[in-house]
Every structure is written in structure tokens, then in C-alpha cells.
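The number in the numbering used here is simply the position in the sequence shown, starting from 1, with 3 added.
Structure record follows, encoded as C-alpha cells.
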Amino acid sequence: MKLIVVGAGQGGSNIADEFVSMGEWVWKNRGIRIFTGSDEDPISTGVFAINLGAGDLYGLKHIPQTSDHTILMGNSDEFRGRGAGKINANGAEQARKDSKKIISTIRDSGDVSTADAILVIATAAGGTGSGSIGVIVDELKQNFNKPVYAMVVLPFAYQYDDPDTMMNTGTCLKRVLENSLADAVFLMDNQKFVRSNDTTSTNYGEINTRIAQSFMDILCVGEENDQRFVGEVLDANDVITMLHGPSAIGVGQGSIPTKQQPGFFNKFYQKSDTADHFSDSKAQMERAKNVLNRTLADLSIDCEHQEESSTSYDAQYVLGLFSAPCEETTQEIIEMMDSNLAEQVPGAGRRKGTYPGRTSETVSITVIMSNLGKGAAMDKVEFFYRSAVDAIAAKEDQQDARNQLWNQTNRVAAQLPNL
Ligand SMILES: Nc1nc2c(ncn2[C@@H]2O[C@H](COP(=O)(O)OP(=O)(O)OP(=O)(O)O)[C@@H](O)[C@H]2O)c(=O)[nH]1
Ligand SMILES: [Mg+2]
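This is how it looks when you write it as C-alpha cells:
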């Protein structure tokens with residue numbers, strides 16, 4: 004699947020930058036392009052960064068810092084090179100004003116005609132990305148008529164007590180989920196990407212790498228042209244037809260123990276090469292089950308639904324992609340993955356694929372759930388909406404109280420002569 008990737012705001016652009024880094028690795032190691040452009044073009048041809056603050060764009064390592072790939076909005080008025088000051092209405096307004104520049108830059112430099120889809124990435128808590136993502140998604144959809152996916156990165160739990168964070172996140176989610184032309188919206192909860200052993204200073208770099216890597220196999224699988232690595236294919240259309248509405252993605256990995264070289268004694272007990280010993284296939288099955296459990300635990304946003312002590316997921320579609328060396332990819336294991344997903348996501352349309360041979364010492368499973376219904380993700384979105392409503396009301400109340408106090412003070416001042 005070939006993408007155009009557009010990062011808006013600082014966090015969004017940082018993640019887009021990580022997509023380029025991942026794309027470069029994939030090109031070097033797998034000989035596959037996952038962004039637009041011909042084989043001779045730089046990998047970054049299909050990737051763009053948009054921001055209000057020039058300073059935020061200097062940190063990019065892979066997206067060229069030239070006007071054909073980094074798009075600076077608000078150059079002509081009061082924002083000139085500065086951010087949106089954490090007010091996402093400013094981000095939205097600047098994107099509307101600069102929409103022609105955004106579209107023409109992507110049209111002229113992005114090789115859009117070869118794209119299967121467009122992905123627009125932003126964080127929800129700030130001003131620039133949060134405000135502009137909905138506008139950018141709509142402009143891209145109207146101008147290019149391709150599937151357009153939004154990725155909205157939700158704030159860390161420690162930010163929930165900040166009123167601006169909650170107002171920006173609530174209004175961004177409303178714009179993108181309810182009032183935009185996005186075909187699907189990937190919800191990425193920063194809190195889910197924090198590892199307990201991370202230091203207190205948030206390691207954005209590591210989180211961004213994890214976010215980009217979640218998409219690696221799903222982008223590669225349909226583009227693979229080396230027959231040794233073509234399994235049960237999931238091509239771009241399989242993915243596009245199942246991607247709708249609020250969605251979660253996750254990847255779990257497990258390592259395959261290296262086969263022991265036979266020592267002097269155990270060579271007498273060596274198993275035949277042709278038939279797998281049953282304990283081998285049992286271990287493989289256990290490994291695959293553990294990886295699937297890890298994938299579901301590591302989805303980009305919690306979305307399970309608890310009912311009377313049983314846990315399930317409510318989604319219109321679920322996709323499972325099993326990537327592992329051929330000898331680990333048995334029919335039994337694929338059936339296990341499929342029936343497990345069928346059981347856990349009852350009633351969902353299922354897509355499954357295999358991607359054999361590309362990794363030698365790991366088994367990994369990618370799961371996408373799309374058009375999520377009841378469950379933790381919906382609760383989380385509602386939590387942000389309610390918190391935003393509460394934050395706006397509290398802000399107004401506080402301002403009223405301040406105004407009243409100043410009115411009293413001003414009445415005293417009124418008794419003084421004017422200078
Ligand atoms: N995963 C991830 N999250 C980030 C990153 N940078 C910032 N964030 C999160 O996003 C929030 C908003 O920050 P920015 O993305 O810098 O905001 P912006 O879109 O540039 O908007 P301004 O407020 O105008 O600067 C932060 O409070 C964090 O929660 C990043 O590189 N990766
Ligand atoms: Mg910024």
C-alpha cells in the first residue's frame with residue numbers, strides 16, 4: 004500500500020518524520036516503497052510536514068526542510084513563524100487561509116496519482132496540529148478524491164488536568180470524528196505507548212518509532228513482489244474496504260528461540276527434519292497465542308468492552324496479519340488467529356493475511372479494528388468531550404467571578420478624580 008503522509012503541527016510532523024525513517028529501512032532491507040514516488044526518488048517524496056512555527060520544523064531529520072516538503076502556514080500575518088499559542092481555533096483558521104498552498108505543494112511534489120491513500124497525522128492537545136488536521140483532511144479529500152485517513156494522537160494522562168489540553172482534544176476529536184471527510188480515524192493514545200520503564204521525561208522519539216512501526220507490515224504486505232515472501236495476500240484494497248470510522252491498530256511481537264545445534268549426546272535423539280515434533284508445533288502455537296494477546300493488549304487505544312466478567316470488542320471489521328518465517332506460519336496457527344479474532348470481536352467482518360519469511364527471529368501480528376462501537380475507546384472519547392465541556396464552563400465561571408470582583412474594585416475607583 005502506497006501512502007502520502009502529512010504531519011501537521013510539531014508532534015504530527017515528528018511522527019511523519021519517523022514514517023520516513025521506517026520507509027527508508029523498508030526500502031533498504033525489503034526493497035519495497037511504501038510511499039509514493041518512483042524507485043529513483045527519495046523515500047520522502049510522499050511525506051510532508053505542515054506547521055505554523057518554523058522552529059518546530061527544524062527538528063525534522065528525514066523530511067527535507069525545503070518549501071516543497073515543509074509547508075509553513077501563516078507566513079503573511081501575525082503568526083509569522085510562531086505557533087498557534089495552544090489555541091486550536093488559530094490552527095484551523097491558518098489551515099483554511101493556506102489551504103491552496105498546502106494542496107498545491109502536495110500536488111506538485113508528492114506524486115499523488117500513485118497513492119493508494121493519504122494519512123494525515125496530528126496531536127490533539129496542542130494548537131496547530133489539533134486545529135488544522137480536520138481542515139487538511141477535508142481539503143485533501145475534496146482535491147484528490149482518495150481514501151484519507153486521520154491519525155489523532157491523544158495526550159498523556161498527566162495532562163488531563165490541564166484545561167487547554169482538554170478543550171483542544173475535545174474539539175479536535177469532534178471535528179475529525181464527527182465533522183470531517185476522513186474515511187477512518189486512527190486513535191493513538193500516547194498513554195498506551197508509554198512503557199513503565201520509560202524515564203519520567205517523556206521519550207517522544209521512542210513513542211513515535213513505535214507508532215510508525217505499527218504500520219510497517221500492513222504497508223509492506225501488498226507491495227511485496229519477491230515470491231518467497233508472498234503469503235495469503237492482503238492488498239491495498241482489502242485494507243481500504245475495511246477501514247472506516249474510529250479505528251485502533253496494534254502490533255505484538257515475540258521472538259523465536261534459535262534452534263539448538265545438536266550436541267554429541269542429543270544428536271542420537273535428533274528429530275527428523277521432515278516431520279515436526281508435536282512439541283514443536285505446540286510451542287509455535289503457544290508463541291502465536293501469546294503474540295496475539297500482546298497485540299490486543301497493545302492496541303493504540305483501549306477498546307475492549309466488559310460485560311459480566313467477559314471481555315470482547317465491538318467493531319465492524321477486524322484485520323489480522325501474521326508475519327513470521329514460513330515454518331512458523333502453519334495453517335493451524337492462522338486458523339487459531341482467525342477464530343480467536345472471530346470470538347473476541349463477535350459479528351465483525353474479518354480480513355486475514357500472512358507475510359512469511361521477512362523476519363527470521365520474530366513472530367509478529369498486526370491487528371486493526373475499525374468502526375469501533377461500544378467499549379473503552381468510545382468511553383475515552385466521551386471523557387474528552389465531557390472534560391472539554393467542563394473546562395469551558397469552569398473557565399467562563401472563573402472569568403465571571405473575576406469580572407464581578409473587578410466591578411467592585413472599579414466602583415471604589417469611580418470615587419477618585421480622573422487624571
Ligand atoms: N507521540 C508524540 N506526542 C507528542 C509529540 N510532541 C508533542 N506531543 C503531544 O502533543 C501535545 C501537543 O504538542 P505539539 O504537537 O507540539 O503541538 P502543535 O500541534 O505543534 O501545536 P502548538 O500548540 O501550536 O505548538 C503535547 O502536549 C503532547 O501530548 C511527539 O513527538 N510525539
Ligand atoms: Mg507547535
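Idealized CB from N, CA, C, for every residue including glycine.
Just so you know, these numbers come straight off a predicted model, no measurement behind them.
Three-way DSSP call (helix, strand, coil) for residue i in this model
i       : result
Tyr-207 : helix
Tyr-358 : strand
Tyr-161 : helix
Asn-374 : strand
Phe-196 : helix
Ile-139 : helix
Leu-222 : helix
Ile-121 : strand
Leu-423 : Outside the shown range of the chain, which is 4 to 422, sits residue 423, and nothing can be said about it.
Gly-132 : helix
Ala-19  : helix
Leu-422 : coil
Val-188 : strand
Gly-88  : coil
Val-1   : Missing from the structure shown is residue 1; the chain here goes from 4 to 422 and no further.
Gly-94  : helix
Val-236 : coil
Gly-14  : helix
Asn-146 : helix
Ser-284 : helix
Glu-181 : helix
Glu-331 : helix
Glu-227 : coil
For residue i: DSSP bridge partner residues
i       : result
His-308 : Ser-315
Thr-126 : Val-156
Ile-243 : Note: Ile-243 sits in no beta bridge, so no partner.
Ile-368 : Gly-255 and Phe-325
Arg-213 : Bridge partners of Arg-213: none, in fact.
Val-115 : DSSP lists no partner for Val-115.
Arg-353 : Val-321
Val-151 : Ile-121
Range of the contiguous beta strand (DSSP E) that encloses residue i
i       : result
Met-249 : Before going on, a small fix: residue 249 reads as Pro here, not Met. Run containing Pro-249: 248-258, per the beta strand (DSSP E) assignment.
Ala-416 : Looking at the DSSP string, Ala-416 is not in any beta strand (DSSP E); the run it does join, the alpha helix (DSSP H), is 379-416.
Gly-173 : First-last for Gly-173: 166-176, but that is the alpha helix (DSSP H), not the beta strand (DSSP E).
Ala-11  : 6-11
Inter-residue spacing [alpha-carbon to alpha-carbon] between residue i and residue j
i       : j       : result
Thr-203 : Gln-162 : Since pLDDT at Thr-203 reaches only 47, below the 50 mark, its modelled position is unreliable, and the value read off the structure follows with that caveat. In a straight line, the C-alpha of Thr-203 is about 14 Å away from that of Gln-162.
Met-154 : Ala-396 : 28 Å
Ser-16  : Cys-306 : 26 Å
Gly-14  : Thr-314 : 33 Å
Ser-373 : Lys-64  : 32 Å
Leu-295 : Asp-229 : 26 Å
Gln-411 : Gln-402 : 14 Å
Arg-178 : Phe-386 : 16 Å
Gln-347 : Glu-399 : 44 Å
Met-4   : Val-366 : 21 Å
Glu-226 : Arg-36  : 8 Å
Tyr-207 : Gln-216 : 14 Å
Lys-100 : Ile-18  : 24 Å
Arg-231 : Asp-220 : 16 Å
Glu-235 : Leu-344 : 17 Å
Gly-257 : Thr-357 : 16 Å
Lys-89  : Leu-143 : 24 Å
Trp-28  : Thr-48  : 15 Å
Gly-77  : Leu-55  : 6 Å
Glu-364 : Ala-394 : 49 Å
Ala-380 : Val-9   : 24 Å
Glu-331 : Glu-289 : 11 Å
Leu-157 : Arg-414 : 46 Å
Gln-273 : Arg-33  : Low confidence applies to Gln-273: its pLDDT is 45, below 50, so where it sits in the model is not reliable, and the reading given next is rough at best. In a straight line, the C-alpha of Gln-273 is about 34 Å away from that of Arg-33.
Asp-165 : Gly-129 : 11 Å
Asp-186 : Glu-96  : 23 Å
Val-233 : His-72  : 33 Å
Asn-91  : Leu-180 : 16 Å
Ile-368 : Phe-196 : 17 Å
Leu-322 : Ile-337 : 12 Å
Ser-1   : Ala-125 : This structure gives no information on residue 1, because the portion of the chain shown stretches from 4 to 422.
The alpha helix (DSSP H) enclosing residue i, as first and last residue numbers
i       : result
Asp-341 : 334-347
Ile-106 : 102-112
Check: residue i C-beta below 7 Å from any heavy atom of ligand 3
i       : result
Asn-193 : In terms of ligand content, the structure shown lacks ligand 3 and carries ligand 1 and ligand 2 instead.
Segments assigned alpha helix (DSSP H), at least 4 residues, entirely inside the region 22-79: 57-60
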